[in-house]
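Have a look at the structure below, then the notes.
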Amino acid sequence: MITAGRIYKSKAESVDFQKEAKEITEKVNKWAEKATNGLIKSVVPKPFSPSTTTVLANALYFKGKWTQPFDKFATKDFKFSLLDGNSVRVPFMTSRQMQFIDTFKDFKVLGLPYEKSMDNKAAFSMYVILPHDRDGLWPLIEKVGSDPTFFVRLRQELVDVGQFRIPKFKITFYFEASEILKGVGLKLPFSEIAELDEMVVPVARELQFQSGPPQIPPRVDFVADHPFMFMVRDNKSGMVLFMGHVINPLL
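Residue 126 in full-length UniProt numbering sits at position 126 of the sequence shown; the count goes up by one each step and never skips.
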């Protein structure tokens, strides 16, 4: 418990789930509400089971405004292809403004900056990582997870866009921690699943100079109409706040 507070800035305590499951649930929810200044009212929607042995609770609230907001009146429904070959129609946001887009061999990356914090200590962006292939999500996830240089290669240059659409989506996620804890030596009879709801490194580039009239770079298309990855990242520290993938924007 001392280590948890000193190193991880967290609190640990022993409780009796068999006798006080309801009270412990209320205590965790009150802690989350206080820690987020009332922005998250509850992280545990129903009382813990009396058979619960361990609970890890964390609350993180992020709400940012785009530096270039999308026009809600320009939002229109388009087809989104699913991994099983079917498709659904979902609302897509669009813009004619220049965007931070970089193109790689197997995927494209779109950076959507948020307005900076008042103290200018953080500069967050959402990144949408779109595979070229409609069924390329799983290879992309494996590539990002195995490439330690991936995040330092994200471009910070604006480009003109051609077709540009990204779907509106909401994320609910589940986290199963038992295998992770077992992997670091904590051998306990885990069975419960926690349900949580709410959610610059310089890069050298080769420059070529040539005489003649200036060449206008081609417009770049970015149409996220099939499964993709996303993340919210602090561009100054490199810390990733959220990361996930969208398979069906309607779910």
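Glycine included, C-beta positions come from ideal geometry on N, C-alpha and C.
| task | Give the single residue among K34, P167, W138 and F107 whose Cα lies nearest to the Cα of N58. | result | K34
| query | Who pairs with D77 in a beta bridge, going by DSSP? | reply | Answer by DSSP bridge pairing, in chain order: P91.
| Closer than 7 Å to chain E by CB, L82 | Given the protein chain composition of this structure (a single chain), no chain E is represented.
| For I40, which of helix, strand or coil comes out of DSSP? | coil
| task | Could you work out which residue in I101, P167 and M243 is closest to V220 when comparing CA atoms only? | result | Residue nearest to V220 within the set I101, P167 and M243 is I101 (criterion: CA-CA distance).
| What is the rounded straight-line gap between the Cα of L60 and the Cα of A32? | Using only the alpha carbons, I get a separation of about 9 Å.
| said: For R165 and A224, which I take to be in contact (beta-carbon distance under 8 Å), what is that distance rounded to the nearest angstrom? | reply: 7 Å
| request: Please say whether R89 and D77 have beta carbons closer to each other than 7 Å? | output: Pairing D77 with R89 gives a Cβ-Cβ distance under 7 Å.
| request: Using beta-carbon positions only, say whether S42 and N29 come within less than 7 Å of one another. | output: Cβ distance < 7 Å, so S42 and N29 count as in contact.
| task | Find out if the Cβ-Cβ distance for the pair L140, M126 is shorter than 7 Å. | result | Taking the C-beta atoms as reference points, M126 is found no nearer than 7 Å to L140.
| Length of the line joining the Cα atoms of residue 252 and F48 | Any answer about residue 252 is impossible in this case: the structure gives the chain only from 1 up to 251.
| query | DSSP beta-bridge partners for V28? | reply | According to DSSP, V28 shares a beta bridge with no other residue.
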